[in-house]
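First up is the structure itself, then whatever we jot down about it.
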Amino acid sequence: MAVEVKELLEAGVHFGHLTRKWDPNMAPYVYMERNGIHIINLYKTAAKIDEAGAALAKIANSGRKILFVATKKQAKDIVAEKAGSINMPYITERWPGGMLTNFVTIRKAVKKMASIDRMKKDGTFMTLSKKERLQVDRLRAKLEKNLGSISDMTRLPGALFVVDIKREHIAIKEAQKLNIPIFAMVDTNSDPRQVDYVIPANDDASKSIDKILTHVTTSISEGLAERKAEKDAATSAKEEAPKAKEEAKAEAVVEKATPKAKVAPAAKVVAEEEE
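Going from the sequence shown to our numbering is simple: count from 1 and add 813.
Below is the structure:
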């Protein structure tokens, strides 16, 4: 999906922060200053979206998960919708400290949630007192709110996609510690050196966030589709192999059973013709 500069412009992706709030390391991505606000160079943004999209598609194709992180009000719903549509985990509530660096503990909390669900299915839940049921329900609701979207994430993600790296600085530090690639929308008030794949963009406007995430999730879904096609082709080849083997075996049996016509020696044929 080619990125058009015009559509980025219409979505307001080019609006940065006030010039007095800028981070000098964002200078390569700033086009100009207008009315005290920095304007982001959208040609560089488009190129960076393509670069990040290609890398994310490769990660998705390898079967690894990409964890989306956005706890700010403008991005929450958009991230939940976009990441959910491609079956990727996301954090839109408070970042649970140690989410990556202490992943074993987080998995225990997710298992606790699953065990509560089992209790409700097998009837154990109803054997508890009314007070205990209320406490368990509250615990389940809390876990669902904070960890519901990552319940299927059984191992560390292959990459992190962040909206607003200043706000999600704890997530960034944890990913850096574990050498997990970081993809992020970076505004003019942030330091792009913290990120592996920078997408210079307005990270405050919902339209801008929606536009960038649409391109990103499209690239990921293409990677997933490619993976599925490869798996289907491999499965098909695996199924065809025994059939081909059986056919070859049957042909060999038929060939063996068919009597071969005796061919007269050439000298004998010549002698017969002379007579």
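Think of the CB as a built atom: it goes at the ideal place given N, C-alpha and C, for glycine as much as any other residue. Small disclaimer: the values here were computed from a predicted structure and weren't measured.
Asked, Found
"The beta strand (DSSP E) enclosing His851, as first and last residue numbers", "850 to 853"
"Three-state secondary structure assigned by DSSP to Val892", "helix"
"Ala954 versus Thr905 - alpha carbon distance", "15 angstroms"
"Spatial neighbours of Ile899 in its chain, beta-carbon cut-off 7 angstroms, leaving aside the 5 residues before and after", "Thr1030, Ile1033, Ser1034, Leu1037"
"Distance CB(Met998)-CB(Pro902) smaller than 7 angstroms", "no"
"Neighbour-count burial assignment, Ile1012, 16 or more Cβ in a 10 Å radius", "buried"
"Residue of Asp977, Gly971, Lys885, Glu1043 minimising C-alpha distance to Leu913", "Gly971"
"Complete runs of the alpha helix (DSSP H) confined to the stretch 918 to 969 [at least 4 residues]", "943 to 960"
"Assigned exposure category for Glu987 - 16 Cβ within 10 Å defines buried", "buried"
"Ala840, enclosing alpha helix (DSSP H) - first and last residue", "Note, Ala840: premise wrong, no alpha helix (DSSP H); not H, not E."
"Range covered by the beta strand (DSSP E) that runs through Ala997", "995 to 999"
"Gly825 - DSSP class collapsed to helix/strand/coil", "coil"
"7 angstroms Cβ cutoff, Ala896 in contact with chain D", "Although the question refers to chain D, the structure presented lacks it and comprises just one protein chain."
"Closest by C-alpha distance to Ile978, when choosing among Asp1016, Ile852, Ser875", "Asp1016"
"Neighbourhood of Ile985 by C-beta, 7 angstroms cutoff - its chain only, sequence neighbours within 5 removed", "Val975, Ile978, Ile995, Gln1007"
"Ile1021 and Ala1014 closer than 7 angstroms at C-beta", "Looking at the sequence shown, residue 1021 is not Ile but Ser. Yes. Within cutoff."
"N- and C-terminal bounds of the alpha helix (DSSP H) containing Ala984", "982 to 990"
"Status (buried if at least 16 other CB within 10 Å, exposed otherwise) for Thr1048", "exposed"
"Simplified DSSP assignment, three categories, for Pro909", "coil"
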